[in-house]
Structure formats: C-alpha cells, structure tokens
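Participant:
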Amino acid sequence: MPRSERSPLLLAGLLAAAGVTHFVAPRQYDATIPRALPGTPRTWTYASGAAELALAAGLALPRTRRIAGLAGAAFFVGVFPANVQMAVDWRHRPAPLKAAALARLPLQVPLVLWARGVARGAEARS
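Add 6 to a position in the sequence shown, counting from 1, and you land on the number used in the numbering used here.
1. Beta-carbon within less than 6 Å of A53's beta-carbon, same chain only, minus the 5 sequence neighbours each way: which residues are those?
2. Cutting at 7 Å between CB atoms, please list the residues of its own chain near F86, excluding the five before and the five after it.
3. Return the Cβ separation of A62 and L119 in integer angstroms, given the expectation that the two are a contact with Cβ distance under 8 Å.
4. Near V64, which residues of its chain fall below 6 Å by C-beta distance, leaving aside the five closest residues on each side in sequence?
5. For A37, which of F81, N89 and R12 has the nearest alpha-carbon?
6. If you run the structure through DSSP and keep just helix, strand and coil, what is T49?
7. What are the start and end residues of each continuous alpha helix (DSSP H) run of 4 or more residues lying completely inside the region 11-92, in chain order?
8. Give me, in chain order, the residues of the same chain whose beta-carbon lies closer than 8 Å to that of R110; leave out the 5 immediate sequence neighbours on both sides.
9. If I measure Cβ to Cβ from K104 and keep anything under 7 Å in the same chain, skipping five residues before and after, which residues do I get?
10. Among T49, R72 and H28, which has the Cα closest to the Cα of L59?
11. In angstroms with no decimal places, state the Cα-to-Cα distance between A106 and P100.
Here's what the structure looks like:
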C-alpha cells in the first residue's frame, strides 16, 4: 500500500486508540479539561473521546475522508487548550512528566498539518 494510502489509516488508528483510552482511563483526561468549560470534566472527556472515534471512522472511509480530515485538523486545534492546561498543572511535577506535558504543545502542529494533508489528498483523488 503506498504511503499516501496508509497516511489516513494511520491517523485514523491514532485517533481510534486515543478515543478508546478516553473511555477506558478517563481520569487522566479529566484532569486536562480547562476549568473554564461548563459542565463536568468527565462529560468533556467522553465527548472528546467520542469525537476522536467519529473522526477515526470518517478518516477510514474514502468517501468521508476529506471532511473528516478537515474536522480532524479543527479538532486538534480545539483540544490545544487542554494541552496548555496540562502543561500549567504539571509545571511542579517531576522533570520527565513536566517535559512530556510541554512536548504535547508543539506536537499539535504536525497533527493539524497531517489531518489537513489527508483532507487535501482525499480532495485530489475525488
């Protein structure tokens, strides 16, 4: 399978795995939900996990890949505040944990670009 055909499936797999962990181990995600959001952190954890699963399904299907790629890029931008919240909350944790929280911040950029690239690739094929 050519790389251009694997890319959307790899992104779908990443999102599916992340989505499942929101339901299997929600507590770790609850702590990253910005306190300014209305409702309970668990509601946001489950909602973001469901969104990741829906995006994964959309990326896996060629027919919905373009819109799912664009939605995925928007999703990665949208969850950035949770990564910032985690970095702020973990600033006093041991160095390896603090470094992991800080490393998540720039990681959003390649994820956004990857999702956009998948959308563009799907558009070129249609």
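No residue lacks a Cβ here, since even glycine has one placed at the ideal position from N, Cα and C.
Facilitator: According to the data block:
1. Excluding its 5 nearest sequence neighbours in each direction, A53 has no C-beta neighbour in its own chain below 6 Å.
2. Closer than 7 Å at Cβ, skipping near neighbours: Q114.
3. Not really, about 18 Å apart at Cβ, beyond 8 Å.
4. The sequence shown places Gly at residue 64, rather than the Val named in the question. Apart from sequence neighbours up to five positions away, the residues of its chain that approach G64 with a beta-carbon distance below 6 Å are T70 and A74, ordered along the chain.
5. The residue with the shortest Cα to Cα distance from A37 is N89.
6. T49: helix per DSSP, three-state reduction.
7. When DSSP assignments are scanned along the region 11-92, the uninterrupted stretches of alpha helix (DSSP H) that are 4 or more residues long and fall wholly within it turn out to be 32-36, 47-66 and 71-84.
8. Hits under 8 Å: N89, M92 and A93.
9. Excluding its 5 nearest sequence neighbours in each direction, K104 has C-beta neighbours in its own chain below 7 Å: W96 and R97, listed in chain order.
10. Of the candidates T49, R72 and H28, the residue whose Cα lies closest to the Cα of L59 is H28.
11. The alpha-carbon atoms of A106 and P100 are separated by roughly 10 Å.
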